Every structure is written in C-alpha cells, then in structure tokens.
Amino acid sequence: MALQRFRGPSDLHLHSDRSDGTQPPAEVIRAVHQHGLRTVSLTDHDTTSGWAEAAQAATSLDVTFLPGMEMSAKHEWRSVHLLAYLVDPDDAALRAMTDRVRTSRLDRARTMADRIARDYDLTWDDILAETTDGATVGRPHIADALVRRGHVRDRTEAFSGILSPRGDYYVALFAPDPVTAVGLIAGAGGVPIVAHPAGRAGVLPRALLERMLDAGLAGFELGHRENLEPGVRMLRRLVAERDLIATGSSDYHGAGKPNMPGEHTTEDAMVQRIIARGTGSTPVYPRAG
Ligand code: AMP
Ligand code: ZN
Ligand code: FE
Ligand code: FE
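Be aware that the sequence shown starts at 1149, since it is given in the numbering used here, and climbs by one per residue.
In structure tokens:
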C-alpha cells in the first residue's frame, strides 16, 4: 500500500453531541477545520457512534480523521479518562464495557435528577431534552437543563455547585479501573493515552502507572489546559525515559466549555506513532490529489 500522508496541525481530542459536546459530529469537524486543523480525532465519551458522520465531513474538507473515543475509568474515588485511538469499534469486550458504562451513566443521571428535583424545579424530560438520541449522558446535560430552567448561569456554575462531587446530589458512575480500561483498549487494537493526566487531582500513583504501562498504555496527553505543574514535568520525564507517546489537544466541547480548537496540538511525529501502533481501525485520509 502506498504511504498515506497526513498534515498537521493535529487536534486529537474533540467532543460532539454524541456525548457532551454541543455540536453534531460534522459541525465539530467543520469548526476545527475553520480553526486551521488538518488532522483530527473525535473522542466522545464511551461511544464511537459519531465516527461515520465525522469521517464523511473530514473527507469532504480534506482533513485526516483518526477514529477515537474517551473511555471512562475510575481509580478509587477519582475519575480517569483514557483516550482510545484506532480501536476496533466492534470488539466484543470493549463494546460490552462501554455499553455497561453508558447504561450506568443513564441510571446515575436519573438518580441525580431525582435528588435535585427535591430542591429544584427540574424533570427527567428536561435533561433528556438536552441530549441527542443515544448520546452518552453526563453531568453536562443535567447542567444544561439547570441553565435552561434558570437555576444556574452556565455549566461551570452547575459543576462547582449543584453537580459537585462534594454536594448532596452527586452519584458516582460505574467505570472500570484504569488497568482494565487500558487492557480493553489495547485488546481492541487501540492506542491508550491518559487524557489530562495532571489535572487538579494530581498525577496517578506511580505504581498504578506502571501497571497501566504493563497493560499497554502508550502515553500521556501532556498538552491540555487542565494539566498543572509539577505533574506535567514528572510525566514529561517518564515519557522521555520510556520513549512514550505525548499528545496535546483542546478537548473542544463546542459551546459547552471555553476550550478552543487547536489551543494545544500534537506533533506530527507523535501522530505518526499513533497511526503506526493502532490496528483496530484505520485513519480516514483525504482523497489523493
Ligand atoms: P460526568 O462524566 O458525567 O461525571 O461529567 C464529567 C464531564 O463534564 C467531563 O467529561 C467534562 O468534559 C465535563 N465538565 C467537567 N467540568 C466542567 C465544567 N466546569 N464545565 C463544563 N463541563 C465540565
Ligand atoms: Zn466531556
Ligand atoms: Fe476528559
Ligand atoms: Fe474530553
């Protein structure tokens, strides 16, 4: 097969309304293309359902599309997000897990809605109205319903108040532990990368990172607005020592977050390594020309 080429700049972490972004997949691709990105990945939470629409939009814009997903995982109380590039979307074990997580997200949102409804005027239908059919439901949709009802100004206010894990309404979601999640992604031919690995909760314990690396972890998203020093510095050293993959991306959510396409990008050499390593699905390249 002829060498397939992609062009930078590359933004490999984007959300559509198949999870908690605010735009349909094709619109996301158009928006990031307008910001000058030429290689992109759609990484909706726990679903691959936006791939076909995104790939088609990318093709028509001469943008290279890398199939992706952001898989929910959990270490003790804290949530861990794993970017999963080039996975086989039909892998039975991976599908069983993401189906289970999406179902539990729905149950959990319902329970949170019931709790919130004791104190605020809010119905389950309000929340459903903020989602698209079959979308991965999350706290952002509850936040949008609270905004529409006038209980909070925006998602940020909802997250720091009513939806906070420290509040009375919060319910944890079911998610696999990070080692299991990494194993499932790698088992589905994918490339597992820890998303925003140095956020406010700090870097995961070294022993856990080692077990994740043993399970097939490929690298870390070092360029992300939520990452903090000195965690990033520590992870940069680890990446250099073990020759791991380092990415940078925006985590664009449309109007759902201030993150702008291309605010962090991934170097071409790293994109190349992801493409070389992933075997579960293939990038969609622009038509030759
Ligand atoms: P959940 O997975 O349902 O608990 O919700 C977490 C999701 O909400 C994450 O994927 C974030 O993208 C999003 N999120 C977290 N904090 C905020 C915030 N302050 N504003 C908007 N979205 C947020
Ligand atoms: Zn999100
Ligand atoms: Fe995330
Ligand atoms: Fe994300």
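C-beta atoms are modelled at their ideal positions from N, C-alpha and C, and glycine is treated no differently. These numbers were taken from a predicted model, which means no experiment stands behind them.
{"Check": "Does DSSP put Val1300 in a helix, a strand or coil?", "Outcome": "coil"}
{"Check": "Taking the straight line between their C-alpha atoms, what separation do you get for Ala1150 and Val1319?", "Outcome": "Here Ala1150 scores only 49 on pLDDT, less than 50, and its place in the model is too uncertain to base an answer on."}
{"Check": "What residues are listed by DSSP as bridge partners for Val1102?", "Outcome": "The structure shown does not extend to residue 1102, since the chain spans only 1149 to 1437, so no value can be given for it."}
{"Check": "Could you check if Ile1409 is buried or exposed, using at least 16 other CB atoms within 10 Å of its CB as the buried criterion?", "Outcome": "Here residue 1409 turns out to be Pro, not Ile, going by the sequence shown. Under this definition Pro1409 is a buried residue."}
{"Check": "Can you have a look at Pro1434 and say buried or exposed, based on whether 16 or more other CB atoms are within 10 angstroms of its CB?", "Outcome": "buried"}
{"Check": "Please determine, among Ile1422, Pro1345, Asp1325, the residue with the shortest C-alpha to C-alpha distance to Lys1222.", "Outcome": "Asp1325"}
{"Check": "Tell me the residue span of the beta strand (DSSP E) that contains Ile1310.", "Outcome": "Element bounds for Ile1310: n/a, residue is neither H nor E."}
{"Check": "Tell me, to the nearest whole angstrom, how far the beta carbon of Gly1347 is from that of Glu1374; I am working on the premise that it is less than 8 Å.", "Outcome": "4 Å"}
{"Check": "Using the rule of at least 16 other Cβ atoms within 10 Å of the residue's Cβ for burial, across every protein chain shown, is Ser1158 buried or exposed?", "Outcome": "buried"}
{"Check": "Using 10 angstroms around the beta-carbon of Asp1362, count the other beta-carbons present and answer buried if the total reaches 16, otherwise exposed.", "Outcome": "exposed"}
{"Check": "Please list, in chain order, all residues of the same chain as Ala1179 whose beta carbon is under 7 Å from its beta carbon, the five residues on each side excluded.", "Outcome": "Gln1171, Pro1409"}
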